[in-house]
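Note that the protein sequences, when read in sequence, are chains A, B and C. Each residue of the first sequence is one higher than the one before, starting from 1 at the first, in full-length UniProt numbering. Each residue of the second sequence is one higher than the one before, starting from 1 at the first, in full-length UniProt numbering. Each residue of the third sequence is one higher than the one before, starting from 1 at the first, in full-length UniProt numbering. Using N, Cα and C, we set each Cβ at its ideal position, and we do this for glycine too. Working notes, structure below.
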Amino acid sequence: MELYFHWFDLLGIAVFAATGTLAAWRKQMDGFGVIVLATVTAIGGGTLRDVILDTPVIWLSDNSYFVAIFTAAVLTILWVRKRLLIPNNALQIADAVGLAFFVIMGTQKALDHGASGFVAIMLGTMSGVCGGMIRDVLCREIPLVFRGELYAMTCIFGGLVYVQLLEFEVAKMPAMLAGMIALLALRLAAIRWHLTIPVFGKKGDLR
Amino acid sequence: MELYFHWFDLLGIAVFAATGTLAAWRKQMDGFGVIVLATVTAIGGGTLRDVILDTPVIWLSDNSYFVAIFTAAVLTILWVRKRLLIPNNALQIADAVGLAFFVIMGTQKALDHGASGFVAIMLGTMSGVCGGMIRDVLCREIPLVFRGELYAMTCIFGGLVYVQLLEFEVAKMPAMLAGMIALLALRLAAIRWHLTIPVFGKKGDLR
Amino acid sequence: MELYFHWFDLLGIAVFAATGTLAAWRKQMDGFGVIVLATVTAIGGGTLRDVILDTPVIWLSDNSYFVAIFTAAVLTILWVRKRLLIPNNALQIADAVGLAFFVIMGTQKALDHGASGFVAIMLGTMSGVCGGMIRDVLCREIPLVFRGELYAMTCIFGGLVYVQLLEFEVAKMPAMLAGMIALLALRLAAIRWHLTIPVFGKKGDLR
Numbered sequence: 001m002e003l004y005f006h007w008f009d010l011l012g013i014a015v016f017a018a019t020g021t022l023a024a025w026r027k028q029m030d031g032f033g034v035i036v037l038a039t040v041t042a043i044g045g046g047t048l049r050d051v052i053l054d055t056p057v058i059w060l061s062d063n064s065y066f067v068a069i070f071t072a073a074v075l076t077i078l079w080v081r082k083r084l085l086i087p088n089n090a091l092q093i094a095d096a097v098g099l100a101f102f103v104i105m106g107t108q109k110a111l112d113h114g115a116s117g118f119v120a121i122m123l124g125t126m127s128g129v130c131g132g133m134i135r136d137v138l139c140r141e142i143p144l145v146f147r148g149e150l151y152a153m154t155c156i157f158g159g160l161v162y163v164q165l166l167e168f169e170v171a172k173m174p175a176m177l178a179g180m181i182a183l184l185a186l187r188l189a190a191i192r193w194h195l196t197i198p199v200f201g202k203k204g205d206l207r
Numbered sequence: 001m002e003l004y005f006h007w008f009d010l011l012g013i014a015v016f017a018a019t020g021t022l023a024a025w026r027k028q029m030d031g032f033g034v035i036v037l038a039t040v041t042a043i044g045g046g047t048l049r050d051v052i053l054d055t056p057v058i059w060l061s062d063n064s065y066f067v068a069i070f071t072a073a074v075l076t077i078l079w080v081r082k083r084l085l086i087p088n089n090a091l092q093i094a095d096a097v098g099l100a101f102f103v104i105m106g107t108q109k110a111l112d113h114g115a116s117g118f119v120a121i122m123l124g125t126m127s128g129v130c131g132g133m134i135r136d137v138l139c140r141e142i143p144l145v146f147r148g149e150l151y152a153m154t155c156i157f158g159g160l161v162y163v164q165l166l167e168f169e170v171a172k173m174p175a176m177l178a179g180m181i182a183l184l185a186l187r188l189a190a191i192r193w194h195l196t197i198p199v200f201g202k203k204g205d206l207r
Numbered sequence: 001m002e003l004y005f006h007w008f009d010l011l012g013i014a015v016f017a018a019t020g021t022l023a024a025w026r027k028q029m030d031g032f033g034v035i036v037l038a039t040v041t042a043i044g045g046g047t048l049r050d051v052i053l054d055t056p057v058i059w060l061s062d063n064s065y066f067v068a069i070f071t072a073a074v075l076t077i078l079w080v081r082k083r084l085l086i087p088n089n090a091l092q093i094a095d096a097v098g099l100a101f102f103v104i105m106g107t108q109k110a111l112d113h114g115a116s117g118f119v120a121i122m123l124g125t126m127s128g129v130c131g132g133m134i135r136d137v138l139c140r141e142i143p144l145v146f147r148g149e150l151y152a153m154t155c156i157f158g159g160l161v162y163v164q165l166l167e168f169e170v171a172k173m174p175a176m177l178a179g180m181i182a183l184l185a186l187r188l189a190a191i192r193w194h195l196t197i198p199v200f201g202k203k204g205d206l207r
């Protein structure tokens, strides 16, 4: 089980790195920009969570994250340079798997450090979405997660399922799996049927 | 006294959350964006201060902050959806009260952790203004506090009064109150008489 | 030797503060904006490194950094107000000296905290470039280091030389000097002959 977890983790890291690479490519950044955006997207959320929890930042002592990031960035650049289209659905589905893993693992880590269920869900969601938010800020974009897609809400939903099952005294491992599956199912449904959440704000003031 | 402090704290949190909600609404963000901007504006400055001081981040163990943030965000959305105008002065005055509290409490916390008076004033000001700065960056705006209003300077002034009084061996509680009142008075004067500080820079290069 | 180091450090801080001041001036910010941008550019990268390493942030207990920052900011403002042009080359060369120092010292600090050579180079580069990245984000610009200039890559090169020499069992001090000189030489060459690294991305999509 733990072994699968590590592979899911690296899959999530790689997919997040690929979205960072694509963002850098769209903005015509140089090789350093590509590496920074890939890295920040992949580990930004987890780093922020670890700093706030005051626990050692995980990539300080594990280089396998960077192997996944660099591999993903290089493959993505090679791919787009050949003008091959990345099948958007494949990327979104892989992203959903990575997201499910990140969020539930982040929630678990926060609980391990004594956070309340509510704060743990918040930190888990932060693990999943803050990397992408920093990516968008560095690209001078308003973060994508604020624009109405059912993305961050699926993180909160998955975290809620997990924490709630723990409170019903379900064992840790099945509760984690259930949380991941709940998150993944809602996210895949959102991709498949283009589910959205309402956008607030006055009309015509969008910049 | 301590009890009043907690209520001022929650008032400040709520007002900052309301300004974050208004910013998200102006940018037509979704419900998640509203919650993130409200939260970041309210607790971003204090979180940054705590991380730099390497002291436990306060909201990790106190959910009452989030109750204040969510209540403020929901009330603000209800209010603006009814196309009611928020009396700008009321919001500014409440913001000034919250700011006075945040800055002096932040300065105090830094002093408690052994910072020099100078660094403490800087971290106190950071507590007061960095939440709004992150809000503006996420909205793709140049931070409001850089644009000439007498806002951040009132934080520095209040912190200076407080630290100076401590050096004159005034007791902690009256010194804190005096710092808050000094900050509040200068800020209210700035609102009332539209006091500004000079803006630098070459003409015509503003973007 | 150590004494020289401190002066190089302050030189680097001052030059970085000057570039932050110039950025604030270009965006017509007020006095507070100038101070914030000067400070963030000068100490942002080192602060981020220290927070991630979970080691005390250096400026919490050393005011001499702020003396250097304020002096540099005031001199820069006086200079540009007199419409004197800053000799661009002089600023770039001083920046290169400061950069060489920051990056190698940052790499060293990470090694001291048990980071692997790879992670240490990354944190050293972060010390050198993240201050400027935060400056650009606060100015609503895409960070300059992503735009093709040979800047960040020189940091990675210098860090690599340093770490590699340490592995060949060269003593710490000569290895540090060699790393700094390698970084400085490459950066000066990049300035002199306008060396660039390739920029990725599809044409016409630059915003």
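Checklist entry - Can a CB atom of chain B be found closer than 8 Å to the CB of A/Ala115? => result In the first sequence, the residue the question calls residue 115 of chain A occupies position 115. Chain B contact via Cβ: present.
Next on the checklist: Checking 8 Å against the spacing of the C-beta atoms, do B/Gly98 and B/Gly12 come in under that value?
Outcome noted: Within the second sequence, residue 98 of chain B is the residue found at index 98, counting from 1. Within the second sequence, residue 12 of chain B is the residue found at index 12, counting from 1. Yes, they are a contact pair.
Next on the checklist: In chain order, what are the residue ranges of uninterrupted alpha helix (DSSP H) at least 4 long that sit wholly in the stretch 12-93 of chain A?
Outcome noted: 31-53 and 64-81
Checklist entry - DSSP on B/Glu167, reduced to helix/strand/coil? => result Locating residue 167 of chain B in the second sequence gives position 167, counting from the first residue. Here B/Glu167 sits in helix by DSSP.
Checklist entry - If you draw a straight line from the alpha carbon of C/Gly44 to that of B/Val119, how long is it in whole angstroms? => result Indexing the third sequence from 1 puts residue 44 of chain C at position 44. Indexing the second sequence from 1 puts residue 119 of chain B at position 119. Going from the Cα of C/Gly44 to the Cα of B/Val119 covers about 15 Å.
Checklist entry - Do you know how far the Cα of C/Val137 is from the Cα of A/Leu206? => result What you label residue 206 of chain A is simply residue 206 of the first sequence in a count that begins at 1. What you label residue 137 of chain C is simply residue 137 of the third sequence in a count that begins at 1. Confidence at A/Leu206 is low in this model, with a pLDDT of 39, below 50, so the placement of that residue should be treated as unreliable; the coordinate-derived value is given next. Between A/Leu206 and C/Val137, the C-alpha separation is close to 20 Å.
Item to check | Reference C/Ala38; option with closest CA among C/Thr125, C/Leu75 and C/Arg187 | outcome: On the third sequence, position 38 is the one that residue 38 of chain C refers to. Of the candidates C/Thr125, C/Leu75 and C/Arg187, the one whose C-alpha sits nearest the C-alpha of C/Ala38 is C/Leu75.
Checklist entry - Exposed or buried, what is C/Phe157 when buried is set at 16 or more other beta-carbons lying within 10 Å of its beta-carbon? => result On the third sequence, position 157 is the one that residue 157 of chain C refers to. So C/Phe157 counts as buried.
Next on the checklist: From the DSSP secondary-structure annotation, give me the bridge partner or partners of B/Thr196.
Outcome noted: Within the second sequence, residue 196 of chain B is the residue found at index 196, counting from 1. Answer is B/Glu149, bridged to B/Thr196.
Next on the checklist: Under DSSP, the alpha helix (DSSP H) around A/Ile121 begins and ends at which residues?
Outcome noted: Here residue 121 of chain A refers to the residue found at position 121 of the first sequence. Unbroken alpha helix (DSSP H) run through A/Ile121: Gly117 to Leu138.
Next on the checklist: Please identify, using Cβ separations under 8 Å, the residues of the stretch 50-62 of chain C that lie next to chain B, in order along the chain.
Outcome noted: Val51, Asp54, Pro56, Val57, Trp59, Leu60 and Ser61
Next on the checklist: If contacts are defined as beta-carbon pairs under 8 Å, then B/Val40 and B/Thr107 qualify, I think. What distance do you get, rounded to the angstrom?
Outcome noted: Translated into the one-based positions of the second sequence, residue 40 of chain B becomes position 40. Translated into the one-based positions of the second sequence, residue 107 of chain B becomes position 107. The Cβ separation is near 22 Å, so there is no contact.
Checklist entry - Any idea if B/Ser64 is buried or exposed, counting beta-carbon neighbours within 10 angstroms, 16 or more meaning buried? => result Counting from one through the second sequence, the residue named residue 64 of chain B turns up at place 64. So B/Ser64 counts as exposed.
Next on the checklist: Rounding to the nearest angstrom, what Cα-Cα distance links A/Ala14 and A/Leu22 in this structure?
Outcome noted: Looking up residue 14 of chain A in the first sequence gives position 14. Looking up residue 22 of chain A in the first sequence gives position 22. Rounded to whole angstroms, A/Ala14 to A/Leu22 spans 12 Å at the Cα level.
Next on the checklist: Rounded to the nearest angstrom, what separates C/Ile191 and A/Phe8 at their Cα positions?
Outcome noted: The sequence position of residue 191 of chain C within the third sequence is 191, counting from 1. The sequence position of residue 8 of chain A within the first sequence is 8, counting from 1. Looking at the two C-alpha atoms, the distance is approximately 44 Å.
Next on the checklist: For A/Asp50, which residues in the same chain have their Cβ closer than 6 Å to its Cβ, ignoring the five residues on either side in sequence?
Outcome noted: Walking along the first sequence from the start, residue 50 of chain A turns up at place 50. For A/Asp50, where only same-chain residues beyond five positions count, the Cβ hits under 6 Å are Val57.
Item to check | Length of the line joining the Cα atoms of B/Arg111 and B/Met126 | outcome: Here the question's residue 111 of chain B lines up with position 111 in the second sequence. Here the question's residue 126 of chain B lines up with position 126 in the second sequence. Note that residue 111 of chain B is Leu in the sequence shown, not Arg. Each residue's Cα considered, the two are about 14 Å apart.
Checklist entry - What residues from chain C crowd round B/Gly148, counting only those whose CB sits closer than 7 Å? => result Here residue 148 of chain B is taken as the residue at index 148 of the second sequence, counted from 1. Result: Asp30.
Next on the checklist: I need the straight-line Cα distance from C/Phe70 to B/Met153, nearest angstrom please.
Outcome noted: What you label residue 70 of chain C is simply residue 70 of the third sequence in a count that begins at 1. What you label residue 153 of chain B is simply residue 153 of the second sequence in a count that begins at 1. Roughly 15 Å between the two C-alpha positions.
Checklist entry - On the three-state DSSP scale, how would you describe A/Pro174? => result To locate residue 174 of chain A, count along the first sequence from 1; it is residue 174. A/Pro174 falls in the helix class under three-state DSSP.
Item to check | Rounded C-alpha distance that separates B/Ala90 from B/Gly20 | outcome: Against the second sequence, residue 90 of chain B aligns to sequence position 90. Against the second sequence, residue 20 of chain B aligns to sequence position 20. Approximately 16 Å between the Cα atoms of the pair.
Checklist entry - Going by alpha carbons, who is nearest to A/Val36 out of C/Phe102, C/Pro143, C/Leu60 and C/Gly31? => result Your numbering for residue 36 of chain A matches position 36 in the first sequence. Closest by alpha carbon: C/Pro143.
Checklist entry - Per DSSP, what kind of secondary structure is C/His6 in: helix, strand or coil? => result The sequence position of residue 6 of chain C within the third sequence is 6, counting from 1. Three-state result, C/His6: helix.
Item to check | Which listed residue (B/Val129, B/Val145, B/Phe32 and B/Leu183) has its alpha carbon closest to that of C/Lys27 | outcome: Stepping through the third sequence from its first residue, residue 27 of chain C is reached at position 27. Closest option to C/Lys27, Cα to Cα, is B/Val145.
Item to check | A/Pro174 to A/Thr196 span [Cα, whole Å] | outcome: Taking the first residue of the first sequence as position 1, residue 174 of chain A is located at position 174. Taking the first residue of the first sequence as position 1, residue 196 of chain A is located at position 196. A/Pro174 and A/Thr196: Cα-Cα distance of roughly 29 Å.
Next on the checklist: So A/Gly33 contacts chain C; which residues on that side make the cut at Cβ distance below 9 Å?
Outcome noted: Along the first sequence, read from residue 1 onward, the residue named residue 33 of chain A stands at position 33. In chain order: Ile142, Pro143, Val145, Phe146, Arg147, Gly148, Ala152, Val199 and Phe200.
Checklist entry - Along chain A, in chain order, which residues have C-beta atoms closer than 9 Å to that of B/Val36? => result In the second sequence, counting from the first residue as 1, residue 36 of chain B sits at position 36. Under the 9 Å cutoff, chain A gives Val129, Met133, Pro143, Val145, Phe146 and Ala152.
Next on the checklist: Could you compute how far the alpha carbon of B/Val34 sits from the alpha carbon of A/Gly117?
Outcome noted: Here residue 34 of chain B refers to the residue found at position 34 of the second sequence. Here residue 117 of chain A refers to the residue found at position 117 of the first sequence. About 21 Å.
Next on the checklist: I need the DSSP call for A/Ile142, collapsed to helix, strand or coil.
Outcome noted: Counted from its first residue, the first sequence places residue 142 of chain A at position 142. Coil.
Next on the checklist: If I measure Cβ to Cβ from C/Ala94 and keep anything under 6 Å in the same chain, skipping five residues before and after, which residues do I get?
Outcome noted: Along the third sequence, read from residue 1 onward, the residue named residue 94 of chain C stands at position 94. Around C/Ala94: Val15.
Checklist entry - Which residue from C/Ile77, C/Thr55, C/Ser61 and C/Phe5 puts its Cα closest to that of C/Ala24? => result On the third sequence, residue 24 of chain C is found 24 positions in, with the first residue counted as 1. It is C/Ile77.
Checklist entry - How should C/Arg81 be labelled, buried or exposed, when 16 other C-beta atoms within 10 angstroms of its C-beta is the threshold for buried? => result Numbered from its first residue, the third sequence carries residue 81 of chain C at position 81. Exposed is the call here.
Checklist entry - Can you list the residues of chain A that B/Val137 reaches, using a CB-CB cut of under 8 Å? => result For the purposes of this step, residue 137 of chain B is identified with residue 137 of the second sequence, where counting begins at 1. Here the neighbours are Val137.
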